[in-house]
Structure formats: structure tokens, C-alpha cells
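Down below is the structure, laid out as C-alpha cells.
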Ligand code: DGJ
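Structure follows, in C-alpha cells:
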């Protein structure tokens with residue numbers, strides 16, 4: 004028996020690979036037929052020698068071995084009828100892959116060890132590599148697949164999932180989010196039974212309707228139970244399939260959507276699938292979120308705290324004028340905003356949705372002295388300056404469209420559809436991609452811009468003749484932003500697609516922030532933010548305080564609740580601040596001052612969704628960083644009497660003493676008391692909220 008090891012452990016005589024993180028194990032092996040067979044995913048098992056590959060036998064002639072065995076990467080072909088990860092048509096029309104095992108190699112990456120299994124087709128010069136990155140300290144793995152066409156003919160890849168996972172249980176719960184514009188991130192949970200659950204996107208934009216991740220649990224709570232999860236690093240069309248098999252297990256795949264997809268892998272070409280960031284928690288959803296948040300903060304997101312922004316969209320919509328924007332900026336500065344963003348409407352003939360996109364020159368009527376007049380004002384106030392763009396789109400009446408009608412996605416014999424009055428530019432065309440890069444590079448080089456809000460307000464249609472565009476389009480967006488960041492490293496990018504249409508682990512890191520939703524109603528936002536927090540890091544979650552009645556919900560919500568709700572993420576203000584009363588200004592000033600104090604805890608702390616044991620709908624969240632923390636508590640409507648809730652803190656040191664700062668006083672309690680007994684909290688009235696802060700006392704109770 005060997006000593007417990009971390010990272011990649013191999014039993015060479017049995018061809019068994021064990022991937023060890025701090026508390027989890029993932030195992031698979033290669034059998035005599037060369038099949039890569041899954042063995043285990045779950046809580047840590049130390050000894051690789053414990054694992055063995057049972058000999059496969061058919062249950063009956065109707066249940067072939069491929070159906071029973073748990074493959075890591077099932078390909079289309081042979082007697083396989085379940086979902087497959089790869090389907091290729093070779094130049095001679097053969098449509099099945101038959102692979103054999105070639106060998107493996109191990110590479111060391113940043114904070115991870117990477118195992119690469121090398122497979123190849125037995126007849127055709129197609130090589131496949133299964134990549135597994137093991138992040139020991141984060142209890143996470145990343146899986147993806149690389150295809151390489153070593154022949155001199157084109158191969159057509161019609162299906163490519165980044166990997167298959169096996170969960171050794173039935174009747175699991177599957178959770179994801181559903182939604183649409185203004186109602187993103189609506190968490191749902193459904194029982195997995197026989198048949199399949201499919202989540203997907205076919206629109207070219209990842210996440211209004213579903214989100215590219217899976218969570219499968221066994222009746223887990225925040226703090227208990229098995230949770231298996233994976234998030235796809237991709238913003239174009241994706242699909243995820245969960246299938247409970249008739250043989251006592253559940254499989255899940257995630258990757259590129261096979262709908263209207265075909266990748267032509269030309270001679271000598273390589274293609275890497277998007278990665279799936281995945282893990283297992285034996286102690287509930289909270290641990291899953293903590294691991295993903297920490298990984299995102301340490302590896303994916305750019306450093307530094309996100310500035311408090313002011314965005315003028317809800318205040319002015321398309322009616323932008325230099326004078327009014329200057330006034331808004333001045334007022335925003337007065338109460339503490341650090342970044343002023345001028346949204347849609349500053350360019351071309353952009354007076355509504357039907358014109359302007361593509362004509363990226365400053366509108367002279369709105370800015371007679373150019374945009375620099377506004378930028379100078381913003382800079383002189385000591386704020387950063389940000390600007391809105393929607394580069395992937397063009398409106399029909401523009402100069403750009405008149406000059407390049409063939410730059411939009413289209414079929415020569417069809418009329419392309421407009422949506423929100425606009426077409427989508429074909430970013431798979433090299434000249435379109437260069438045009439967009441140059442346009443944005445000129446904008447950033449010519450003006451002192453610190454922040455770009457990149458929007459995309461319609462799905463793709465009438466595509467083009469190449470069925471890989473659903474993937475290539477977003478790759479082009481990534482490439483453009485990566486190149487811009489290389490040249491303009493100080494500029495932050497916000498990913499927006501009609502609100503929260505591009506919230507995914509593909510765009511995260513290339514962009515710095517997500518615009519979470521156009522639904523800025525502070526109460527609706529609590530649900531959106533709660534669901535978001537399962538998978539995505541708080542720092543990237545942009546949340547604005549906006550005017551009441553809210554433009555979508557018509558709700559009237561007190562300023563304090565609106566601020567507390569938006570302070571749960573990266574705070575922004577979207578009000579028409581020129582209409583602020585003195586009281587509004589004073590509240591905004593005070594809230595923003597407090598936000599700046601707690602910002603490190605909110606943006607980079609550990610986040611907890613706290614249990615609400617009350618019959619009243621309290622929503623309670625905790626954030627903690629080092630020895631300090633805070634709790635936001637909300638009550639939209641006290642429905643049943645005036646019941647209080649008990650706030651049981653999480654993650655404290657049981658023996659330490661904490662000072663707890665309530666709105667009406669200060670307490671000193673032990674960590675054990677706060678976590679076990681908890682504090683009784685009563686909020687009264689509709690849309691009531693509070694912020695509780697706490698800190699560990701170095702001096703104990705003294
Ligand atoms: C959709 C975005 O989500 C909004 O915030 C705003 O930028 C508009 N587009 C502008 O057209």
C-alpha cells in the first residue's frame with residue numbers, strides 16, 4: 004500500500020489513473036480493449052491499488068457492453084446508443100470512431116497537474132487527447148478534449164461534448180436556472196428520473212434561458228449532502244444532457260451544442276473543446292460555491308476591486324447630451340461614484356433602437372465638441388470614464404451597412420431577419436473581425452477610456468454556410484477583447500447581452516464584470532443574485548441602485564433596501580441623480596461610503612447563503628474576509644404576524660469572541676454562540692433591510 008498522495012497517481016500495471024485533490028478522488032482506467040472506463044468520483048480514497056477494472060460482460064445480447072460500461076469519452080459508433088461525446092464523419096463517409104489507447108503524459112501548470120490521455124482512431128489519422136487538470140488545493144478539476152487531424156483530408160466533427168461524467172446514484176436532483184430577458188437566473192430544481200434532461204442554448208448567446216453548468220445533488224442542503232457540479236467555459240451555443248441509465252447510474256455531458264453544428268477539421272488542424280470546471284462536495288452547495296468563487300477570484304478574474312460605477316442608461320436612455328451627462332457625472336461624483344459610464348446613444352444617428360449601430364463616430368449634435376469634452380469633465384472630477392458599445396451588430400440605415408451589406412450573417416437567397424432593429428455581423432469573416440478590433444482600438448487609443456460595457460442585444464440568425472459559427476463567433480469576440488486588453492491593459496470590460504445573457508465561465512476572465520440583468524428591481528434582484536451566487540463570483544456581479552417606480556416591476560422600494568440589495572455585489576448607481584432630493588443624496592453618500600469600507604469583504608470574501616428558519620420570507624447573506632464580516636438581511640413583506648428570524652452565522656472560530664454591530668447597538672458573543680444559538684433578528688414593514696457588521700476581537704471580551 005502506497006502513502007496517500009496528491010495530484011495524479013497511477014497504477015501502471017493495471018493502467019488505472021487516480022486524480023487526487025485535497026478531499027476528492029476521481030478514477031478511471033484503460034481496459035484490455037483500450038476503452039477508457041470511469042471508476043469513481045466522490046470523497047477521497049487514498050489508495051490507487053483499491054481500484055480495479057472489472058471484466059465487462061454483456062447482460063444480454065440486447066445490452067451490449069458499451070451500454071453498461073461507464074466510459075469517460077464515449078464516441079459514436081459500434082453498439083453505443085446512449086449520448087456520445089464525439090461524432091466524426093471521415094472523408095470517405097465513414098461515421099464511426101474506433102479508438103485505441105496510445106499513452107499518457109503529465110504536464111505541470113499553474114497550481115495544477117495535468118494528465119493528458121492520448122487516444123487515436125484505429126484506422127484514420129484522428130488523434131484525441133483527454134485533458135484533466137487537477138487543482139489539488141481548490142478541490143476542482145478541469146476537463147477538455149483536443150482533436151487533431153493528422154491526415155491530409157478534412158474530417159467533419161458533428162458532435163463534441165467536452166466530457167462525460169458518471170454519478171453512481173439514481174433519483175438525483177438537477178438544478179440550473181431558467182429565464183429570459185429581465186428575468187434571468189431563476190433557479191429550478193428537478194428530479195432526475197428515466198429519460199433525459201437537456202439544457203441548451205441555440206441562439207449564439209449563452210445564458211438568458213439556461214446556464215452552461217450542471218449541479219446534481221442527493222437531497223443536499225447548503226451545508227450537507229453530495230453535490231456534483233461542472234461549469235462549461237464557453238459563451239456560444241452549448242448543450243448539457245443528464246441521463247439516468249437503466250443500469251443504476253446517472254451520466255452527464257456538457258459541451259458544444261450539436262444543433263446545426265459541424266466543425267470542419269482540416270488536414271493538420273487541431274481543435275480544443277471548451278473546458279468544464281468541475282468538482283464534488285460532500286457537504287452541500289455552500290462548499291461548491293466557495294470552491295468556484297475562490298478559483299474564479301484567484302485564477303480567472305483580474306485583480307483589484309471593482310469601482311463604484313454610475314451608468315446613465317436608465318436616466319437618459321438614448322437621449323444623451325454632453326451637458327446632461329456632465330451634470331450627471333458631477334452629481335455622481337458628489338455622492339462617491341468612482342467610474343462614470345455613458346451608455347447607449349452617444350454615437351452615429353443613435354436616437355432609438357433602429358439606427359446607429361456600426362457607425363462608431365461621436366454624434367455631433369449630442370457632443371458638438373466631441374466626446375472628449377465629457378471625458379475631460381469626468382477626469383477632472385477624479386473619476387474613471389467608461390463607454391457602451393455593441394460591436395457585433397449593425398442597424399440597416401447605417402453607413403457601415405451601406406458599405407458592407409455582405410458583412411452580416413446571411414444566406415444569399417434569403418432575407419436576414421432584424422431583431423431590435425439590427426443585424427448581427429459575421430465575425431467569422433477575417434475582415435469583420437479586424438474592422439471591429441481597429442474600431443475599438445482607435446476608440447481606446449484616441450480617448451482616455453477606462454471601462455467598456457460590451458452589449459449584444461439579439462440572437463444570431465441566418466448564420467452563414469459554415470456550421471461552426473455558433474462557436475467561432477464567440478471565439479472572435481474573445482480574441483478581440485484579449486487583443487485589446489493586451490494593448491490597453493488598464494481597461495476593464497463588462498459583459499452584457501441584453502442584461503445577463505452572457506454570464507458564463509467562458510467569458511469570465513476575458514471580461515471583468517457581468518451585467519447581471521436589466522431587471523434592476525431590488526427585490527427581484529435578490530432572487531437573481533442568490534441563484535447567480537451558486538456558481539459565479541460576487542466580484543463580477545454588477546448591481547445597480549435605480550429609480551422607483553422601477554421601470555419593469557413598477558415597485559416602490561425604499562432607498563435603503565435598494566442600496567443593500569445592490570451592495571451585495573459590485574455596486575453601481577443607475578438613477579437619474581439629477582432628480583435626487585437632499586435626503587436621497589445624503590443616503591446615497593452614506594451608503595456608498597459604507598460600501599467602500601466593506602468592499603473587500605463583499606467582492607473577495609467568502610459568501611454564505613444563510614438559512615432562514617422563519618415562516619416569514621427573510622433573505623439573509625453573510626460575507627467574511629479574514630477576521631471581519633457582514634450580514635445583509637432583507638424582508639420584502641412580513642406576511643405572518645411579525646415573526647423574527649434567527650441568524651445563525653457560518654464560518655466563525657467557535658472559541659473566538661466577535662463584536663457584532665447592529666443598527667441599534669453592539670454585542671460581544673462567541674463564535675460558537677453566533678453559529679449555534681444565533682441572533683434573533685426582526686425586521687418590520689415592507690421592504691425592510693439591515694446590514695450587520697462583525698469583527699473578531701483580539702482582546703476577547705475585554
Ligand atoms: C441592454 C443592456 O442590458 C442595458 O443595460 C443597456 O445598455 C441597453 N442594452 C442599451 O441599449
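Residue numbers (this note's numbering): 4 to 705.
Glycine is no exception: its CB is placed at the ideal position from the N, C-alpha and C atoms.
How would you write the range of the alpha helix (DSSP H) that residue i sits in, first residue to last?
i: residue 203; result: That residue, residue 203, is in no alpha helix (DSSP H); its beta strand (DSSP E) goes 198-203.
i: residue 604; result: 585-607
i: residue 328; result: 325-337
i: residue 291; result: 287-298
i: residue 699; result: Element bounds for residue 699: not the alpha helix (DSSP H) but the beta strand (DSSP E), 691-699.
i: residue 311; result: Neither: residue 311 is in no alpha helix (DSSP H) and is coded neither H nor E.
i: residue 380; result: 375-383
i: residue 544; result: Note, residue 544: premise wrong, no alpha helix (DSSP H); beta strand (DSSP E) at 544-548.
Within the same chain, show all residues whose beta-carbon is closer than 7 Å to that of residue i, passing over the 5 residues directly before and after it, in chain order.
i: residue 411; result: 397, 419, 426, 427, 428 and 429
i: residue 184; result: 211, 501, 502 and 521
i: residue 333; result: 384
i: residue 309; result: 516, 542, 573 and 606
i: residue 8; result: 23
By Cβ distance, which residues of its chain are closer than 6 Å to residue i, with the 5 residues on each side in sequence left out?
i: residue 94; result: 156
i: residue 262; result: 205
i: residue 75; result: 31, 39 and 41
i: residue 161; result: 90 and 265
i: residue 16; result: none
If you measure between the beta carbons of residue i and residue j, is that distance less than 8 Å?
i: residue 462; j: residue 644; result: no
i: residue 544; j: residue 517; result: yes
i: residue 394; j: residue 472; result: no
i: residue 559; j: residue 594; result: no
i: residue 366; j: residue 389; result: no
i: residue 214; j: residue 194; result: no
i: residue 633; j: residue 621; result: no
i: residue 555; j: residue 524; result: yes
i: residue 454; j: residue 406; result: no
i: residue 144; j: residue 137; result: yes
i: residue 127; j: residue 37; result: no
i: residue 377; j: residue 344; result: no
i: residue 202; j: residue 233; result: no
i: residue 698; j: residue 662; result: yes
i: residue 402; j: residue 362; result: yes
i: residue 256; j: residue 164; result: yes
i: residue 218; j: residue 537; result: yes
Grab the span of the beta strand (DSSP E) containing residue i for me, first residue to last.
i: residue 44; result: 39-46
i: residue 132; result: 129-138
i: residue 169; result: 158-170
i: residue 194; result: 189-194
i: residue 276; result: Per DSSP, residue 276 belongs to no beta strand (DSSP E) and is neither H nor E.
i: residue 391; result: 387-392
i: residue 8; result: From DSSP, residue 8 is part of no beta strand (DSSP E); its letter is neither H nor E.
i: residue 234; result: 230-235
Residues in its own chain within less than 8 Å of residue i by CB, not counting five upstream and five downstream?
i: residue 4; result: Since pLDDT at residue 4 reaches only 40, below the 50 mark, its modelled position is unreliable, and the value read off the structure follows with that caveat. The residues are 50 and 52.
i: residue 45; result: 27, 28, 171, 229, 283 and 285
i: residue 252; result: 73, 169, 170, 171, 172 and 173
i: residue 468; result: 414
Using 8 Å as the limit for Cβ to Cβ distance, is residue i near chain B?
i: residue 246; result: Among the chains of the structure shown, chain B does not appear; only one protein chain is present.
Report yes if the C-beta of residue i is less than 7 Å from at least one heavy atom of the ligand NAD; otherwise report no.
i: residue 304; result: No copy of the ligand NAD occurs in the structure displayed; its ligands are the ligand DGJ alone.
Residues whose Cβ lies closer than 6 Å to any heavy atom of the ligand DGJ, in chain order: Any heavy atom of the ligand DGJ counts here; residues with a Cβ closer than 6 Å to one of them, in chain order, are 316, 346, 347, 391, 458, 460, 499, 501, 502, 518 and 521.
Unbroken stretches of the alpha helix (DSSP H), 4 residues or longer, contained in the region 62-106: If we require 4 residues or more, the alpha helix (DSSP H) runs fully inside the region 62-106 come out as 68-71.
4-residue-minimum alpha helix (DSSP H) runs that sit fully inside the region 444-527, ordered along the chain: Complete alpha helix (DSSP H) runs here, min 4: 472-490.
Beta strand (DSSP E) runs contained entirely in the region 603-658, provided each spans 3 or more residues: Fully enclosed beta strand (DSSP E) runs of 3 or longer: 609-613, 621-628, 631-638 and 648-650.
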